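Read left to right, the sequence shown gives residues 4 to 977 (the numbering used here).
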Amino acid sequence: MRLLHHHHLDTQRVKSQFAKLEKAIARDDFKSPNLKKLSPTPYWRFKLDQSNRLLVQFARYNNETVCLALEVIHQHDYANARFLRGASLQWDQIDVDDDASGEQGDPGRDDGAQTLRYVHPVCSEIHVLDKVLSFDDTQQAVFDTPAPLVLVGSAGSGKTALTLEKLRQAHGRVLYVTQSAFLAQSARAIYFAHGFEAQGQEPEFLSYREFMETLHVPAGRELDFSAFGAWFERYRSAAKQATGGLDAHALFEEFRGVISSRAEGVLSRESYLALGVRQSLLAPAQRAAVFDLFEKYRSWLAGSGFFDLNLLAHDWLPKAQPTYDFMVVDEVQDLTSVQLALLLKTLAKPGQFLLCGDSNQIVHPNFFSWAAVKTLFWQDESLARSQTISVLKANFRNGQAVTHLANRLLKIKHARFGSIDRETNFLVQATAQASGTVQLLADKEATRRELNLKTRGSTQFAVLVLRDEDKAAVRQQFQTPLVFSVHEAKGLEYTNVILVDMVSGQRQAFAEVAQGVQASDLAGDTLDYSRARDKTDRSLELFKFYVNALYVALTRAVDQLLLVESDTAHPLLQLLDLRTQDALNLASTQTSSQQEWAAEARRLELQGKQEQAEAIRQTMLKTQKPSWPIWDEAALQELLPKALLPGQISNKPRQALLDYALWHGQSGWVHDLVGASNFEPAKQIGHAIWASQGKLPVPRARHEGPAQHLARLEADRRDAWRFLVKKAEALAERQRQPYASRGFKEVLRQCDQFGVDHRTYFNATPLMLAAECGNVALVQALLERGADPMTQDHYGHRAWDYALARFLDDPEHKAHQLDVLYPLLSPAVMDVQTDGKLVRLERHQGEYWLLTVMLTSYKKFFSQLLPDAQVERNIKGFCADHLMRHMDRVPDSVLPPRRRTRTYINSVLARAEVNSNYQPSRQLWLRTRNGYYVINPALQLRAHSTKAWVSWHEWLNQPLVLAGCGMRLKAPAD
4 MRLLHHHHLD
14 TQRVKSQFAK
24 LEKAIARDDF
34 KSPNLKKLSP
44 TPYWRFKLDQ
54 SNRLLVQFAR
64 YNNETVCLAL
74 EVIHQHDYAN
84 ARFLRGASLQ
94 WDQIDVDDDA
104 SGEQGDPGRD
114 DGAQTLRYVH
124 PVCSEIHVLD
134 KVLSFDDTQQ
144 AVFDTPAPLV
154 LVGSAGSGKT
164 ALTLEKLRQA
174 HGRVLYVTQS
184 AFLAQSARAI
194 YFAHGFEAQG
204 QEPEFLSYRE
214 FMETLHVPAG
224 RELDFSAFGA
234 WFERYRSAAK
244 QATGGLDAHA
254 LFEEFRGVIS
264 SRAEGVLSRE
274 SYLALGVRQS
284 LLAPAQRAAV
294 FDLFEKYRSW
304 LAGSGFFDLN
314 LLAHDWLPKA
324 QPTYDFMVVD
334 EVQDLTSVQL
344 ALLLKTLAKP
354 GQFLLCGDSN
364 QIVHPNFFSW
374 AAVKTLFWQD
384 ESLARSQTIS
394 VLKANFRNGQ
404 AVTHLANRLL
414 KIKHARFGSI
424 DRETNFLVQA
434 TAQASGTVQL
444 LADKEATRRE
454 LNLKTRGSTQ
464 FAVLVLRDED
474 KAAVRQQFQT
484 PLVFSVHEAK
494 GLEYTNVILV
504 DMVSGQRQAF
514 AEVAQGVQAS
524 DLAGDTLDYS
534 RARDKTDRSL
544 ELFKFYVNAL
554 YVALTRAVDQ
564 LLLVESDTAH
574 PLLQLLDLRT
584 QDALNLASTQ
594 TSSQQEWAAE
604 ARRLELQGKQ
614 EQAEAIRQTM
624 LKTQKPSWPI
634 WDEAALQELL
644 PKALLPGQIS
654 NKPRQALLDY
664 ALWHGQSGWV
674 HDLVGASNFE
684 PAKQIGHAIW
694 ASQGKLPVPR
704 ARHEGPAQHL
714 ARLEADRRDA
724 WRFLVKKAEA
734 LAERQRQPYA
744 SRGFKEVLRQ
754 CDQFGVDHRT
764 YFNATPLMLA
774 AECGNVALVQ
784 ALLERGADPM
794 TQDHYGHRAW
804 DYALARFLDD
814 PEHKAHQLDV
824 LYPLLSPAVM
834 DVQTDGKLVR
844 LERHQGEYWL
854 LTVMLTSYKK
864 FFSQLLPDAQ
874 VERNIKGFCA
884 DHLMRHMDRV
894 PDSVLPPRRR
904 TRTYINSVLA
914 RAEVNSNYQP
924 SRQLWLRTRN
934 GYYVINPALQ
944 LRAHSTKAWV
954 SWHEWLNQPL
964 VLAGCGMRLK
974 APAD
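Below, the structure is given as structure tokens:
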């Protein structure tokens, strides 16, 4: 068996033992090195010697099994092994001779073995991000090349994974930035996979808008094309007349990609009119009228509540300061020159950047060119000399048939328009072993009906159209919720993709693309560099959207591509060498389970595809409303007058309000119940609350001395407190019981019936209660069904807050499983706004933990079910004593030991205080007195659902918290 090793694998201390193991693996001897499976993980371990072990995993490539050496575990320290963090294993039992937790077996039959898409034929080094990667020679050369670096790569070339590995090598404050918020989020997850941490590095992962917000948060909403289209409708006739027929998409490109794109500033009328013929979509005679429209557009923006990120980049340039020691800009083709210039201005040392992209995938209007990009940094002669441009030609995503078709489209593009630039003058090389299929089908009603019948129930089939406005007509015949425009589909991939009238729907435009191209022009396996002879020909600029959009659409298909076209004889389809097939070559009806559809909805939601995610929930999941009452804030406000009405006959409203008060620890409602009724359970609870706080007058008996009287009072308080705890725990256990059990089939059945994020009695989701119980198996099952860990209750608490609150408040809860739940449920980042700027807190930062504890504990701080002295102390603010509660119980994988010391906690409190001089100034809390801190009154958090900024008072529903505790929200002057 072949042995591949992680490039970070350190065998220095076990060199001879590792060499001996290599020989054993080469002869397929797994018995002598004592190979054992670490169930239920996908990992195995070899015995190197008496005290050291090698953690391995097995994978398949080309019908063979290979062994992946990941990590040396010294001195049996499994608990701190990077790849085993969070695993549910009995660490002290792994190396016991009878080994109850490990099992011997045949690695060739390992069901957990992953499949690798590529393995280098000679090099044995692998890289591990979220999955195992083997670099080809070109990728390895890029990995070894120092910055500055420009990386050009096609769809599926692995350029994002490669850039993340490059990022891991950097030191200091480093930035990964891209246009797509989802891509930035995915890159972060990939980067930190398997517990990776880089010493001496502060990484940030931002979308371009989020990067802008770190400089200053703009007011209003970001302008998208739909909003621009609405503005365009006002001037449609004038625009058509001025431009000779350009549509909204083309005018948007002229505004953003020509007039306002340059780093030197927005073009003046004179500069715009003087542009060369290849620098604009319009002839010089048409530009004056278009510039008039541009000025109207800018005036409209000023009063519309929208902002244009491109125009904003010009205003934000003076705000940019040297900040980052290294920067990766991914999908750079989606940015304009001024946007890129703003990014590069924040580099602390010029040249410490990596830019990557693919100009064949431009579907954003920006007039991108690699030549324009290079002028930004080649003004520095030393950078120009050291500049390296690398090209990744291998495709690790698409099957051979799809790659062949995409290459043929690139040949047509090259033959028609000439070379765009030297950097993208290449064809793609498929590395996939699977051939895949491409079918051209005549657009007939019977064909659509059969396609719809066989694919509508499967998450593995997506339907693509050219533009958003084309989706409505297609949805009438294709009932799958997975209908996307090309713009929406960028960044997605599906096993099977159906393109509907992509070419026929824009017959004239694609005919222009194919004009003058002969089949003989498409021979050969390379593209020769040649620029278009006619410098006045603007065809590429005018029609690049269509050819690029088709290229993006084709490359979304991993295995099977079906093109449904009404004009199957279209010249472009003929040049693509596509011939109509008589019959649909598709297996029987494809159907995905309800759980798979729920997971797909969640995946799309994370990528910002709300329209398709909602369509899945409406058409595929069809959930019902729960049969029980849900006591959220609206229901509570409706309940209060009924429960507190004097003379109310029914005790049901009173019992509901009492249960609500006990569950949430809010004594104000109990006091109101006692005052409004003779409801005996409320009287008992109210008496116990007052007794536990020493507020009941208890006269001293004649036979009692002062000391005896005080002792009796203290005993009564303890008895009352135990009574309260018993009542609250009894209620809590009734609510938690279904979610704490190992047998949770009924919970999953309810999720299928009511939706995976349905609300339980007290407005918690099943995921929240499973997290509170530490039921890892149920948490994982719910996440697999698409449960959203970012969903909040009406006090701003999420599933992770439920788990953390139970951990902090209930030391007797041994099954908290915080180490496993932390990577599963805790938000990867917290976005807060202070001083008008976005402050992003990553999980690895000390401020993240402290602010999380503060937000989680806020409601508990004001709970008057607590002893009175504790409430009084809490109102002063948070102190190190509170923040360090149960620190000795926090797993190392959640909070490293160095961050659990009083010195460290105090230093973090001091550096993030409002008046601190520390840089970067995060201003998260305000010191009220020595050692006590409250959350910065001006701090805002970004709402998960709307992405809007809300004050932390609104986030935590402070008015309701204080009302439930019998208090009021203080005015600022109080």
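Heads up, the beta-carbon is just placed ideally off N, CA and C, and yes, glycines get one too.
Values in this document were obtained by computation on a predicted structure and should not be read as measured data.
Only counting the same chain, and skipping five residues up and downstream in sequence, which positions put a Cβ closer than 7 angstroms to that of N909? On the sequence shown, residue 909 is found 906 positions in, with the first residue counted as 1. Contacts found: A883.
Check for me: the alpha helix (DSSP H) holding V99 runs from which residue to which? The count along the sequence shown starts at 1 and reaches residue 99 at position 96. Run containing V99: none; DSSP gives neither H nor E here.
CA-to-CA distance, L772 to Y805, given in whole angstroms: Residue 805 sits at position 802 when you count from the first residue of the sequence shown. Residue 772 sits at position 769 when you count from the first residue of the sequence shown. Computed Cα separation, rounded: 7 angstroms.
Cα-Cα separation between L58 and V177, rounded to whole angstroms: Translated into the one-based positions of the sequence shown, residue 58 becomes position 55. Translated into the one-based positions of the sequence shown, residue 177 becomes position 174. For L58 and V177, the distance between alpha carbons rounds to 30 angstroms.
Cβ shell of A192 (< 8 angstroms), same chain only, five flanking positions each side left out: In the sequence shown, the residue the question calls residue 192 occupies position 189. Closer than 8 angstroms at the Cβ level, and outside the excluded window around A192, lie D133 and A831.
Leaving out five residues on either side along the sequence, give the residues of the same chain with a beta carbon under 7 angstroms from the beta carbon of G268. Residue mapping note: residue 268 aligns to position 265 of the sequence shown, counting from 1. H317.
Can you give the Cα-Cα distance for V155 and N428, rounded to whole angstroms? What you label residue 155 is simply residue 152 of the sequence shown in a count that begins at 1. What you label residue 428 is simply residue 425 of the sequence shown in a count that begins at 1. A straight line joining the alpha-carbon of V155 with that of N428 spans about 10 angstroms.
P36 and K50: beta carbons closer than 8 angstroms? As a position in the sequence shown, residue 36 is number 33, starting the count at 1. As a position in the sequence shown, residue 50 is number 47, starting the count at 1. K50 sits close to P36, with the two beta carbons spaced by under 8 angstroms.
Do H8 and A72 have their C-beta atoms closer together than 8 angstroms? Numbered from its first residue, the sequence shown carries residue 8 at position 5. Numbered from its first residue, the sequence shown carries residue 72 at position 69. Closer than 8 angstroms, so yes.
Closest Cα partner of R559 within the set R705, Q442, Y663 and N401: Translated into the one-based positions of the sequence shown, residue 559 becomes position 556. The shortest Cα separation from R559 among R705, Q442, Y663 and N401 belongs to N401.
Round the Cβ separation of N184 and G611 to the nearest angstrom and send it over; I've been treating them as touching at under 8 angstroms. The residue labelled residue 184 in the question sits at position 181 within the sequence shown. The residue labelled residue 611 in the question sits at position 608 within the sequence shown. Sequence check: residue 184 is Ala here, not Asn. Contact between A184 and G611 holds, since their C-beta atoms are separated by about 7 angstroms, short of 8 angstroms.
CB-CB under 8 angstroms to A872, same chain, minus the five flanking residues each way: which ones, in chain order? Here the question's residue 872 lines up with position 869 in the sequence shown. Because A872 carries a pLDDT of 45, less than 50, the predicted location of this residue cannot be relied on, and the following value inherits that uncertainty. Counting only Cβ-Cβ distances below 8 angstroms, and skipping sequence neighbours, we find nothing.
Taking the alpha-carbon positions, what's the S264 to L218 distance? The residue labelled residue 264 in the question sits at position 261 within the sequence shown. The residue labelled residue 218 in the question sits at position 215 within the sequence shown. Roughly 19 angstroms separates the two Cα atoms.
Per-residue burial, G980 [other beta carbons within 10 Å of its own, 16 or more giving buried]: Any answer about residue 980 is impossible in this case: the structure gives the chain only from 4 up to 977.
Rounded C-alpha distance that separates V823 from M833: Position 820 of the sequence shown holds residue 823. Position 830 of the sequence shown holds residue 833. Cα to Cα, V823 sits roughly 20 angstroms from M833.
Ignoring anything shorter than 3 residues or poking outside the segment 777 to 862, list the beta strand (DSSP E) runs there in chain order. Within the segment 777 to 862, the complete beta strand (DSSP E) runs of at least 3 residues are 832 to 837 and 840 to 845.
In whole angstroms, what separates the C-alpha of F810 from that of F21? Indexing the sequence shown from 1 puts residue 810 at position 807. Indexing the sequence shown from 1 puts residue 21 at position 18. So the alpha carbons of these two residues sit roughly 42 angstroms apart.
For the beta strand (DSSP E) containing C70, list its first residue and its last residue. Within the sequence shown, the letter at position 67 stands for residue 70. Start and end: E67 to I76.
Note down the Cα distance separating K547 from M505, rounded to an integer number of angstroms. In the sequence shown, counting from the first residue as 1, residue 547 sits at position 544. In the sequence shown, counting from the first residue as 1, residue 505 sits at position 502. Spanning the alpha carbons of K547 and M505 requires a straight line of approximately 15 angstroms.
For the 8 angstroms Cβ check, are there 3 or more pairs between the segment 621 to 630 and the segment 745 to 758? Per the Cβ contact rule, the segment 621 to 630 is in contact with the segment 745 to 758 (3 or more Cβ pairs under 8 angstroms).
Which two residues bound the contiguous alpha helix (DSSP H) that contains S670? Residue 670 sits at position 667 when you count from the first residue of the sequence shown. Residues S670 to A679.
Spatial neighbours of L276 in its chain, beta-carbon cut-off 8 angstroms, leaving aside the 5 residues before and after: Position 273 of the sequence shown, counted from the start, is the residue given in the question as residue 276. Correct list, in chain order: P287, R290, A291 and F294.
Cβ of L136 within 8 angstroms of Cβ of A164? Position 133 of the sequence shown holds residue 136. Position 161 of the sequence shown holds residue 164. In this structure, A164 lies closer than 8 angstroms to L136 by Cβ.
Between S104 and the rest of its own chain, which residues show a CB-CB distance below 8 angstroms, the 5 nearest in sequence each way excluded? Residue mapping note: residue 104 aligns to position 101 of the sequence shown, counting from 1. Confidence at S104 is low in this model, with a pLDDT of 46, below 50, so its placement is unreliable and the value that follows should be read with caution. Within the same chain, S104 has close Cβ partners L41, S42, L92, Q93, Q96 and I97.
Would you mind stating whether A465 and V500 have Cβ atoms separated by less than 8 angstroms? Reading the sequence shown from its first residue, position 462 is the one you call residue 465. Reading the sequence shown from its first residue, position 497 is the one you call residue 500. Taking a C-beta distance under 8 angstroms as the contact criterion, A465 and V500 qualify as a contact pair.
What are the uninterrupted segments assigned as beta strand (DSSP E) that are 3 or more residues long and contained completely in the segment 179 to 223, given in chain order? For the segment 179 to 223, the full-length beta strand (DSSP E) segments reaching 3 residues or more read 204 to 210 along the chain.
Label Y179 either buried or exposed according to how many other C-beta atoms from any shown protein chain fall within 10 Å of its C-beta, with 16 as the threshold for buried. Start at 1 with the first residue of the sequence shown, and residue 179 comes out as number 176. By the neighbour-count rule (16 or more Cβ atoms within 10 Å), Y179 is buried.
When you compare the CB of A679 with every CB in chain C, is at least one pair closer than 8 angstroms? Included in the structure is just one protein chain, with no chain C present.
What does A433 pair with, by DSSP beta-bridge criteria? Position 430 of the sequence shown, counted from the first residue, corresponds to residue 433. Looking at the DSSP output, A433 sits in a beta bridge with N398.
Option nearest L1026 by Cα separation, candidates L564, L358 and P325: A query on residue 1026 cannot be resolved here, the shown segment of the chain reaching from 4 to 977 and no further.
Enclosing beta strand (DSSP E) for G156 [first to last residue]: For this step, residue 156 is matched to residue 153 along the sequence shown. Element bounds for G156: L152 to G156.
Which full runs of the alpha helix (DSSP H) of 4+ residues lie inside the segment 866 to 938, going along the chain? Runs found: 871 to 879, 883 to 886 and 905 to 914.
What are the start and end residues of the alpha helix (DSSP H) that includes L346? Along the sequence shown, one-based indexing puts residue 346 at 343. Counting along the chain, the unbroken alpha helix (DSSP H) around L346 starts and ends at S340 to K348.
Over the uninterrupted alpha helix (DSSP H) stretch that includes W634, give me the two end residues. On the sequence shown, residue 634 is found 631 positions in, with the first residue counted as 1. Per DSSP, W634 lies in no alpha helix (DSSP H) and is assigned neither H nor E.
Based on Cα-Cα distance, which residue from V125, R901 and L807 lies nearest to H847? Mapped onto the sequence shown, residue 847 falls at position 844. For the options V125, R901 and L807, the alpha carbon positioned closest to that of H847 is the one of R901.
Distance, Y936 Cα to E957 Cα: Looking up residue 957 in the sequence shown gives position 954. Looking up residue 936 in the sequence shown gives position 933. Rounded to whole angstroms, E957 to Y936 spans 19 angstroms at the Cα level.
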